[in-house]
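Here's the structure, in structure tokens; my notes come after.
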Amino acid sequence: MKQALASIPLMLIALGAGLSAPYVLAADDTFTLVIKDHRFDPAQLDVPAGKKLKLLVKNLDTTPEEFESHDLKREKVIAGNGQATISIGPLKPGTYKFVGEYHEATAQGRIVAK
Amino acid sequence: MLATAIIVFREALEAALVVSIVLAATRGVIRRGLWVSGGVFGGLLGATAVAFFADVIAAAASGVGQELFNATVLFVAVIMLGWHNVWMSRHGRELASSLKSAGEAVRGGARPMRVLAAVVGVAVLREGSELVLFLYGVAASESGESSGMLTGALTGVGAGVAIGAALYLGLLRIPSSRLFTVTGWMILLLAAGMASQGAAFLVQADILPALGESVWDTTALVSDQGVAGRVLHTLIGYTPRPYGIQVVFYLVALGGILTLMKIVNRTRHTSSNAEAALNSSTTPQPSN
Chain A
1 MKQALASIPL
11 MLIALGAGLS
21 APYVLAADDT
31 FTLVIKDHRF
41 DPAQLDVPAG
51 KKLKLLVKNL
61 DTTPEEFESH
71 DLKREKVIAG
81 NGQATISIGP
91 LKPGTYKFVG
101 EYHEATAQGR
111 IVAK
Chain B
1001 MLATAIIVFR
1011 EALEAALVVS
1021 IVLAATRGVI
1031 RRGLWVSGGV
1041 FGGLLGATAV
1051 AFFADVIAAA
1061 ASGVGQELFN
1071 ATVLFVAVIM
1081 LGWHNVWMSR
1091 HGRELASSLK
1101 SAGEAVRGGA
1111 RPMRVLAAVV
1121 GVAVLREGSE
1131 LVLFLYGVAA
1141 SESGESSGML
1151 TGALTGVGAG
1161 VAIGAALYLG
1171 LLRIPSSRLF
1181 TVTGWMILLL
1191 AAGMASQGAA
1201 FLVQADILPA
1211 LGESVWDTTA
1221 LVSDQGVAGR
1231 VLHTLIGYTP
1241 RPYGIQVVFY
1251 LVALGGILTL
1261 MKIVNRTRHT
1271 SSNAEAALNS
1281 STTPQPSN
């Protein structure tokens, strides 16, 4: 369908932009979060405020989890035994809560930006 | 079980609302139930595939594959919804009058029907992929949870469908003469909301600038956690704390589609005025 075909250039542009992203972000600080037994480790992450950052979330469980934070406005599914990078910031000083949506009761944490 | 129900409900609600609007907007079109069901089924198949390839997608495009995929799917839906409204601007009146005279059997609606079925499929695919992953996770872990998970999932879907059905029945109460106008507006807002959502994913992927972290903060009024917030989120694209770029995309989608609709509508009027002028001339014209 013509309509669907029209979206291909959009996709190509987005893909092109996505592929060029690492060259722009090369200098970001990366912080690692680990998901194990449906819990985040560490449960609190201290980060510098006012800078662009990257969160590397490693899922050591065999089942998928969804990192979700309304405070940070980020959501990302991470497959079991997988990992994902999430870019955040620059953050104003404060506390930003996040959860693992699939196991909200135990998977909770917060990022404190100073 | 409750946790499962809540998560399933959230995703099912969004898809159910899209289905309801599509069903209301296609009232009278032949076999629309079949088309919409096809869309749902196709969406579920797609969702399973996306869930299966979740780690591949996530790792793609230097780690922002998931955001790009979500944004693309959303923008495709925006284009399809926009196309539907533009098509209706051109042909809506013919469609509505043939619906009045012929009752249920309206053949003219086949093309927009296909497009709207695709919109349904895409909505189910987006929401469904997260669901499939979640349910797989629950099923794969604690064995004793299976029956609880099934009940929870069914409850969640049921609740989502119930709200969708309430919307659909509410829309059906609108007199046929106005129904297409109302659903046209709902589709317009649906599209604008999806454009805004797509923009948010591109900000998350660090491809678009945010242009302001939070143009307004109405979390205290309507948070996006509750049912009201999620319904408004789907129907009009409500976000309690939108990025500036989200507002831009929203207005551009809204303005863009409206402009195209007006242009097409004006063309239709011009050509039908010319036809009317021809037909009313005193010289006998051969009938078409």
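Residue numbers (my numbering), protein chains in the order written: chain A, 1 to 114; chain B, 1001 to 1288.
All residues carry an ideal CB built from backbone N, CA and C; glycine is no exception.
Under 9 Å from the C-beta of B/G1121: neighbouring residues of chain A: The premise fails here: B/G1121 is roughly 12 Å from chain A at the closest Cβ pair, so nothing lies under 9 Å.
Identity of the residues DSSP links to A/I111 by a beta bridge: Paired residues: A/L45, A/Y96.
Secondary structure of B/S1101, DSSP reduced to three states: helix
Per-residue burial, B/S1020 [other beta carbons within 10 Å of its own, 16 or more giving buried]: buried
Exposed unless 16 or more other CB atoms sit within 10 angstroms - verdict on B/T1004: buried
Counted within 10 angstroms of its Cβ, other Cβ atoms place B/L1190 as buried (16 or more) or exposed: buried
Cβ neighbour criterion (16 or more within 10 Å) applied to A/I8: exposed
Residue-chain proximity (B/G1128, chain A), Cβ-Cβ < 8 Å: no
Cross-chain neighbours of A/G82 in chain B, by beta carbon under 9 Å: A1054, D1055, A1058, A1059
DSSP beta-bridge partners of A/D29: A/L53
Spatial distance of B/L1150 from B/L1135 (CA atoms): B/L1150 and B/L1135 have their alpha carbons spaced roughly 9 Å apart.
Terminal residues of the beta strand (DSSP E) in which A/R74 lies: 74-78
Short Cβ contact (8 Å threshold) for A/A132 with A/I35: Residue 132 of chain A lies beyond the stretch modelled for chain A, which goes from 1 to 114, so this question has no answer here.
Residue(s) in a DSSP beta bridge with A/S87: A/K54
Presumed contact (8 Å Cβ cut-off) between A/T63 and B/G1148, rounded CB distance: The Cβ separation is near 16 Å, so there is no contact.
Check whether A/R110 and A/T95 have beta carbons under 8 Å apart: Remark: C-beta atoms of A/R110 and A/T95 approach each other more closely than 8 Å.
Contact check, B/L1023 vs B/I1163, beta carbons under 8 Å: no
Beta-carbon proximity check, B/V1124 vs B/L1188, cutoff 8 Å: no
For B/T1218, the nearest candidate out of B/V1227, B/V1264, B/P1242 (CA to CA): B/P1242
Chain B residues whose Cβ lies nearer than 8 Å to that of A/A79: A1054, D1055, A1058, L1133
Beta-ladder partner(s) of A/N59, from DSSP: Looking at the DSSP assignment, A/N59 forms a beta bridge with A/I35.
Other residues of its chain near B/W1035: CB distance less than 6 Å, five sequence neighbours each side excluded: M1113, A1117
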